[in-house]
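**Student:** Going down the list, the protein sequences come from chains H and B.
First residue of the first sequence: 1078, per this note's numbering; consecutive thereafter.
First residue of the second sequence: 281, per this note's numbering; consecutive thereafter.
For glycine and all other residues, C-beta sits at the position ideal for the given N, C-alpha and C.
It should be emphasised that the depicted structure is a prediction, and the values quoted were computed from it without experimental measurement.
One structure coming up, written as structure tokens, with questions to follow.
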Amino acid sequence: MPRLVLEALMSAETELFDLELKILLEAVYLRYHYDFRHYAVSSLRRRMRHAMGRYGLERLSDLQHRVIHDPAFFAEAMQYFTVQVSEMFRDPAYFAALREHAIPVLKTYPSIKVWIAGCSTGEEVWSMAILLEEEGLLDRAVIYATDINPAALEAAESGVFALDRMALFCRNYQAAGGRRSLSDYFTTGYGGAVFDRRLKKQVVFADHSLATDAVFSEVHLVSCRNVLIYFNRELQDRAVGLFHDSLVRRGFLGLGAKESLQFGAHAEAFEACAPQQRLYRRAAT
Amino acid sequence: MSMPFPHAVVIGASAGGVQALRDVLACFPARFHAPVLVVQHIPRDRPSGLPALFDSSCALPVAEAEDKEPLCPGVVLFAPPDYHLLVEDRATVSLSRDEPVLYSRPAIDPLFESAAEVFGDGLLAILLTGASSDGSAGVAAVRREGGTVWVQDPAEAVAPVMPASAIAHAGADAIVTLRDLCRRLGSFTS
């Protein structure tokens, strides 16, 4: 009876590419301590092929050569290792679910900590700050915004987004149950929208790797959306383990719209709070 | 004409694809022992509704893919709106929000290319009607890795650009009408 067979089906070319990929990731780890070794290989392969096309390189080992000999080149090539695409209030139903389920609980604490893990260029951070502000929680909150990419963190902290993205952000904000107008929170100039500095006075931007670093604080809400999809299952388990250890009893965990705990090692450690919106709570035990 | 039972099947469709998929998915025999992965171009900002649409007409279970979901023989998985669907390894799918390909996310090329890399000559790829050239690079990858490609006859397709582009760019193992396709799929019996 035909079924999935376990003998190698890959071509020799793909096997060689994977070998070079493994060597590249090991080299990046040894040289720069960025650990991409447990990233999901399917999208890494794609992005590395793009990088080779962009830099006119024939082999992945050529990319490795440039990466390890030229830190400035690596800093630039980082964009091919990590994915920097986000929107403010992306998946509005998620933010609506936070408002409905998490905020009332968070309001019962005298102070709260929120961890935006893998915050990239900051769209989620500024969205969260606005949400907390509208719920009267921002002044007693600390938001940890962490990422491994220094350029992304810098962009996140600047709070400047391209004007042509604002229409989408405004639509998302309204769909997420925004209480005002998003334009109340930014001013425009020089082709950009600059978000109100006041929103980030409680935000700590910091370098943190879900692949190599440890828990750094006890938090009430972890929001980590569309980051785990770039990890393989082993690294997903590590990251979710960190979230679990970081969360207070019955603390909240929010994931991306198609991310699920059900295929991982910590499925039992959380219970679904708003399953459609991928909002979970740390189980009581 | 006949080929060994594939280890996996990938299907790409765009404009006119929903009707074509309805015909094609209805042709899979109930005991089809390979996973089937489908990218149909859909809007990014609303639920796709595709699994519900095909549930009654397809003998196989139909679902929308979740990240790191296991690949099950005889289960049809659709790419969700705003995510690329990729084959991670022989047992697992991955989702990604990498850049749209030719304005589409999900797109056909990422699925076909990632599946080609994992399944090599065990892959069957089917490209249907559409108005973009998404899928051409994917078809080339499938053929390069030794897989089999069936492309819908552009003369029959509602939107001929996508199949015609793939044929021009990478060729095909067979150019088929939906009726041919159905007969070929029906001949895969356990």
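Which chain B residues sit within Cβ distance under 7 Å of residue 1310 of chain H?
**Tutor:** Sequence index remark: in the first sequence, residue 1310 of chain H carries index 233 (1-based). Those within 7 Å of residue 1310 of chain H in chain B are 348.
**Student:** Out of H:1180, H:1231, H:1215 and H:1186, state which residue places its alpha-carbon closest to the alpha-carbon of residue 1200 of chain H.
**Tutor:** Counting from 1 along the first sequence, the entry for residue 1200 of chain H is found at position 123. Residue 1200 of chain H has its Cα closest to that of H:1231, out of H:1180, H:1231, H:1215 and H:1186.
**Student:** So which residues on chain B does residue 1306 of chain H lean against when the C-beta distance must stay under 9 Å?
**Tutor:** Position 229 of the first sequence holds residue 1306 of chain H. Those within 9 Å of residue 1306 of chain H in chain B are 347, 348, 363, 374, 375, 376 and 377.
**Student:** Does the separation of the CB atoms of residue 382 of chain B and residue 1119 of chain H fall below 7 Å?
**Tutor:** Along the second sequence, read from residue 1 onward, the residue named residue 382 of chain B stands at position 102. Along the first sequence, read from residue 1 onward, the residue named residue 1119 of chain H stands at position 42. Result no, Cβ atoms of residue 382 of chain B and residue 1119 of chain H do not sit closer than 7 Å.
**Student:** Name, in chain order, the residues that DSSP records as bridge partners for residue 291 of chain B.
**Tutor:** The residue you call residue 291 of chain B lines up with position 11 of the second sequence. Answer by DSSP bridge pairing, in chain order: B:318 and B:406.
**Student:** Does any residue of chain H bring its CB to less than 7 Å from the CB of residue 394 of chain B?
**Tutor:** Against the second sequence, residue 394 of chain B aligns to sequence position 114. Yes - at least one Cβ of chain H is within 7 Å of the one on residue 394 of chain B.
**Student:** Within 10 angstroms of its Cβ, does residue 1365 of chain H collect 16 or more other Cβ (buried), or is it exposed?
**Tutor:** The question about residue 1365 of chain H has no answer, for chain H in this structure spans 1078 to 1362.
**Student:** What number of angstroms, rounded off, separates the C-alpha of residue 1268 of chain H from the C-alpha of residue 286 of chain B?
**Tutor:** Position 191 of the first sequence, counted from the start, is the residue given in the question as residue 1268 of chain H. Position 6 of the second sequence, counted from the start, is the residue given in the question as residue 286 of chain B. Cα to Cα, residue 1268 of chain H sits roughly 53 Å from residue 286 of chain B.
**Student:** Hey, quick one: how far does the beta strand (DSSP E) through residue 1222 of chain H stretch, first residue to last?
**Tutor:** Numbered from 1 along the first sequence, position 145 holds the residue referred to as residue 1222 of chain H. Note, residue 1222 of chain H: beta strand (DSSP E), 1218-1224.
**Student:** Restricting to Cα atoms, I'd like to know which of B:448, B:391, B:374 and B:284 is closest to residue 319 of chain B.
**Tutor:** Taking the second sequence and counting its residues from 1, one reaches residue 319 of chain B at position 39. Per the Cα distances, B:391.
**Student:** Give every residue of the same chain whose Cβ lies closer than 6 Å to the Cβ of residue 1253 of chain H, excluding the five residues on either side of it in the sequence, and list them in chain order.
**Tutor:** Mapped onto the first sequence, residue 1253 of chain H falls at position 176. Cβ within range, chain order: 1166, 1169, 1172 and 1173.
**Student:** Could you tell me the distance, in whole angstroms, from the CA atom of residue 300 of chain B to the CA atom of residue 448 of chain B?
**Tutor:** As a working mapping, residue 300 of chain B is identified with position 20 in the second sequence. As a working mapping, residue 448 of chain B is identified with position 168 in the second sequence. Using only the alpha carbons, I get a separation of about 21 Å.
**Student:** Ignore the nearest five residues each way along the sequence and tell me which others in residue 1317 of chain H's own chain have a CB closer than 7 Å to its CB.
**Tutor:** To locate residue 1317 of chain H, count along the first sequence from 1; it is residue 240. Counting only Cβ-Cβ distances below 7 Å, and skipping sequence neighbours, we find 1338, 1341 and 1343.
**Student:** Quick check on residue 357 of chain B - is its C-beta less than 7 Å from some C-beta in chain H?
**Tutor:** Stepping through the second sequence from its first residue, residue 357 of chain B is reached at position 77. For residue 357 of chain B, the answer is no, since every Cβ of chain H falls outside 7 Å of its Cβ.
**Student:** When the cut-off is 7 Å and only beta carbons count, does residue 1154 of chain H lie next to chain B?
**Tutor:** Residue numbering aside, residue 1154 of chain H sits at position 77 when the first sequence is read from its first letter. False, the Cβ-Cβ gap to chain B never drops below 7 Å.
**Student:** Do we get a CB-CB distance below 7 Å when we pair residue 1091 of chain H with the residues of chain B?
**Tutor:** The residue labelled residue 1091 of chain H in the question sits at position 14 within the first sequence. True, the Cβ-Cβ gap to chain B drops below 7 Å.
**Student:** List, from N- to C-terminal side, the alpha helix (DSSP H) runs of 4 residues or more that fit wholly inside the stretch 1198-1285 of chain H.
**Tutor:** Whole alpha helix (DSSP H) segments, 4+ residues: 1200-1211, 1227-1235 and 1243-1252.
**Student:** Below 8 Å between beta carbons is the criterion; list the residues of the stretch 1116-1149 of chain H that meet it against any residue of chain B, in chain order.
**Tutor:** The residues in question are 1117, 1118, 1119, 1120, 1122, 1123 and 1124.
**Student:** Mapping DSSP to helix, strand and coil, what is residue 1177 of chain H?
**Tutor:** Translated into positions along the first sequence, residue 1177 of chain H becomes position 100. Note: residue 1177 of chain H maps to helix in three-state DSSP.
**Student:** Less than 7 Å between CB atoms is the rule here; does residue 399 of chain B satisfy it with respect to chain H?
**Tutor:** Along the second sequence, read from residue 1 onward, the residue named residue 399 of chain B stands at position 119. Residue 399 of chain B counts as touching chain H.
**Student:** Return the chain-ordered list of same chain residues with a C-beta closer than 7 Å to the C-beta of residue 305 of chain B, the five sequence neighbours on each side being excluded.
**Tutor:** Residue mapping note: residue 305 of chain B aligns to position 25 of the second sequence, counting from 1. Within the same chain, residue 305 of chain B has close Cβ partners 334, 337, 338 and 356.
**Student:** Would residue 436 of chain B count as contacting chain H if we go by Cβ distances under 7 Å?
**Tutor:** Reading the second sequence from its first residue, position 156 is the one you call residue 436 of chain B. Not closer than 7 Å to any Cβ of chain H, the Cβ of residue 436 of chain B fails to qualify, so no.
**Student:** Where does residue 1186 of chain H land, buried or exposed, given buried means 16+ other C-beta within 10 angstroms?
**Tutor:** In the first sequence, residue 1186 of chain H corresponds to position 109, counting from 1. Per the 10 Å Cβ criterion, exposed.
**Student:** In whole angstroms, what is the alpha-carbon distance linking residue 1262 of chain H and residue 1272 of chain H?
**Tutor:** Translated into the one-based positions of the first sequence, residue 1262 of chain H becomes position 185. Translated into the one-based positions of the first sequence, residue 1272 of chain H becomes position 195. Rounded to whole angstroms, residue 1262 of chain H to residue 1272 of chain H spans 6 Å at the Cα level.
**Student:** Starting from residue 338 of chain B, trace the alpha helix (DSSP H) in both directions and tell me its first and last residue.
**Tutor:** To locate residue 338 of chain B, count along the second sequence from 1; it is residue 58. Neither: residue 338 of chain B is in no alpha helix (DSSP H) and is coded neither H nor E.
**Student:** So which residues on chain B does residue 1324 of chain H lean against when the C-beta distance must stay under 9 Å?
**Tutor:** Looking up residue 1324 of chain H in the first sequence gives position 247. In chain order: nothing, as chain B lies at least about 21 Å away.
**Student:** Enumerate in chain order the residues of its own chain whose CB-to-CB distance from residue 1291 of chain H is below 6 Å, with the five nearest sequence positions on each side excluded.
**Tutor:** Taking the first sequence and counting its residues from 1, the one referred to as residue 1291 of chain H is at position 214. Excluding residues within five positions, none has a Cβ falling inside 6 Å.
**Student:** Per DSSP, what are the beta-bridge partners of residue 1347 of chain H in this structure?
**Tutor:** Against the first sequence, residue 1347 of chain H aligns to sequence position 270. Bridge partners of residue 1347 of chain H: H:1359.
**Student:** How should residue 321 of chain B be labelled, buried or exposed, when 16 other C-beta atoms within 10 angstroms of its C-beta is the threshold for buried?
**Tutor:** Numbered from 1 along the second sequence, position 41 holds the residue referred to as residue 321 of chain B. Buried.
**Student:** So, with DSSP's three-state summary, where would you put residue 1138 of chain H?
**Tutor:** Counting from 1 along the first sequence, the entry for residue 1138 of chain H is found at position 61. Reduced to three states, the DSSP call for residue 1138 of chain H is helix.
**Student:** Beta-carbon separation of residue 1288 of chain H and residue 1095 of chain H under 7 Å?
**Tutor:** Start at 1 with the first residue of the first sequence, and residue 1288 of chain H comes out as number 211. Start at 1 with the first residue of the first sequence, and residue 1095 of chain H comes out as number 18. For residue 1288 of chain H and residue 1095 of chain H, no; Cβs fall outside 7 Å.
**Student:** Within 10 angstroms of the Cβ of residue 414 of chain B, are there 16 or more other Cβ atoms? Answer buried if so, exposed if not.
**Tutor:** To locate residue 414 of chain B, count along the second sequence from 1; it is residue 134. The residue is buried, with at least 16 neighbouring Cβ atoms inside 10 Å.
**Student:** Report the option in H:1283, H:1143 and H:1322 whose CA atom is closest to the CA atom of residue 1296 of chain H.
**Tutor:** Here the question's residue 1296 of chain H lines up with position 219 in the first sequence. Ranking the options by Cα distance to residue 1296 of chain H, first place goes to H:1322.
**Student:** Are the stretch 392-401 of chain B and the stretch 418-435 of chain B touching, with three or more C-beta to C-beta distances below 8 Å?
**Tutor:** Cβ pair count under 8 Å is three or more, so yes.
**Student:** Please report the residue range of the beta strand (DSSP E) in which residue 1326 of chain H lies.
**Tutor:** Indexing the first sequence from 1 puts residue 1326 of chain H at position 249. Note, residue 1326 of chain H: beta strand (DSSP E), 1324-1331.
**Student:** Measure the C-alpha to C-alpha separation of residue 407 of chain B and residue 292 of chain B and round it to an integer number of angstroms.
**Tutor:** Position 127 of the second sequence, counted from the start, is the residue given in the question as residue 407 of chain B. Position 12 of the second sequence, counted from the start, is the residue given in the question as residue 292 of chain B. Taking the straight line from one Cα to the other gives about 5 Å.
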